[in-house]
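For the sequence shown, the numbering used here gives the first residue as 1024, with consecutive numbering after it.
Even glycine gets a Cβ: it sits at the ideal position worked out from N, Cα and C.
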Amino acid sequence: MLDDHQVLTTDQIHALFFLARRTCQIRLGELYRLGLLDRFRFARDGGGSQPWHWTLGYNGHRFQAAAHNRPEPTARTSRQQMQRLSANPNLTHLLTATEFGVRLWAYARSHPAAELSRWWPETKTAARFSPVTPDGHGLWSEDGTTVGYWLEADTGSEPLGKLAAKLDKYAALARKGGPRYPVLFWLPTEDREEHLHAYLRGRRPEGVAVATATYSSDPADAGWLPVGDTQRVRLAGLPSDHGRVVAANSNYDENGVFLT
């Protein structure tokens, strides 16, 4: 998971894999002492510290390199990668995008009829589904229905025009026969959501489904408001089309999803 998503907080790892927080903390400490994980954290305004942010450690990088036939890293490059993450000005955005998948995964843990069968970060998604560069991509199943999605995790720092311009790439992918998955704008506030809906009226590219929700709602629940509608729906209730083959070198993956 850390190899894919780079950094997870203690809270996120607790939600993903553990029931008891203390058990989670003990296990993370053991993995840290073994060099499989590394960590950093920041001071809080007013005193105290934020939760630990966990990354792969040197031995963790070595293990993943061996598992995926990649060049073995050095201790120096491993440490530098952790330091770059801790200094990354987009760290909040990265963790916000990851939090979306964490919540879906945690929901599926307590709901046997639900499953997050695919959860990809931006880099892996962009490499597979050019020209789109979403903050994340997944396949979500609930009660026998499977929906693909493109995630656009918004922190409120970009103008609405820049958010809307991202939809053109999804339209281009759909024209090539690629997936027509809903584009999910996950937004920090209701005001931001209302303004984005107003901005997208008449500006949404044809063939691109767009829905919005705020951080306060669980991504699996009926918090998604499709652009142009007035009724919120569950994630599994959004329209989803896996696409079609349009070229001789195109193919589908093991889930029947268009690749390139």
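Unbroken beta strand (DSSP E) stretches of 3 residues or longer found wholly inside the region 1138-1185: 1159-1165 and 1168-1176, given in chain order. The count of Cβ pairs closer than 8 Å, one atom from the region 1090-1110 and one from the region 1162-1172, stays below three, leaving the stretches out of contact. Per the C-alpha coordinates, the member of Asp-1061, Thr-1119, Leu-1127 and Leu-1118 positioned closest to Gln-1104 is Asp-1061. Glu-1145 places its beta carbon less than 9 Å from that of Pro-1157. Bounds of any beta strand (DSSP E) do not take in Val-1125; it lies within the alpha helix (DSSP H) bounded by 1114-1132.
The three-state secondary structure of Asp-1264, taken from DSSP, is strand.
Between the region 1178-1187 and the region 1213-1228, the count of Cβ pairs shorter than 8 Å is three or higher; the stretches touch.
DSSP places His-1091 in the coil class of the three-state scheme, outside both helix and strand. Beta-bridge partners assigned by DSSP to His-1218: none are found. Burial check for Ile-1049: the Cβ neighbour count within 10 Å stays below 16, so the residue is exposed.
In the structure shown, Leu-1207 adopts extended strand secondary structure according to DSSP, grouped into three states. In this structure, the CA atom of Gly-1200 is about 53 Å from the CA atom of Gly-1069. The beta carbon of Leu-1025 sits closer than 8 Å to those of Leu-1031, Leu-1060, Trp-1077, Thr-1078, Leu-1079 and Gly-1083, all from its chain and outside the five residues before and after it, given in chain order. Of the residues assessed, Glu-1181 falls on the exposed side of the cut-off, its CB having fewer than 16 other CB atoms within 10 angstroms. For Phe-1063, the enclosing beta strand (DSSP E) begins and ends at 1060-1063.
A contact between stretches requires three or more CB pairs, one per stretch, nearer than 8 Å, and the region 1212-1223 fails this requirement with the region 1086-1103. Residue environment analysis places Leu-1042 among the exposed positions, since fewer than 16 neighbouring C-beta atoms fall within 10 angstroms of its C-beta.
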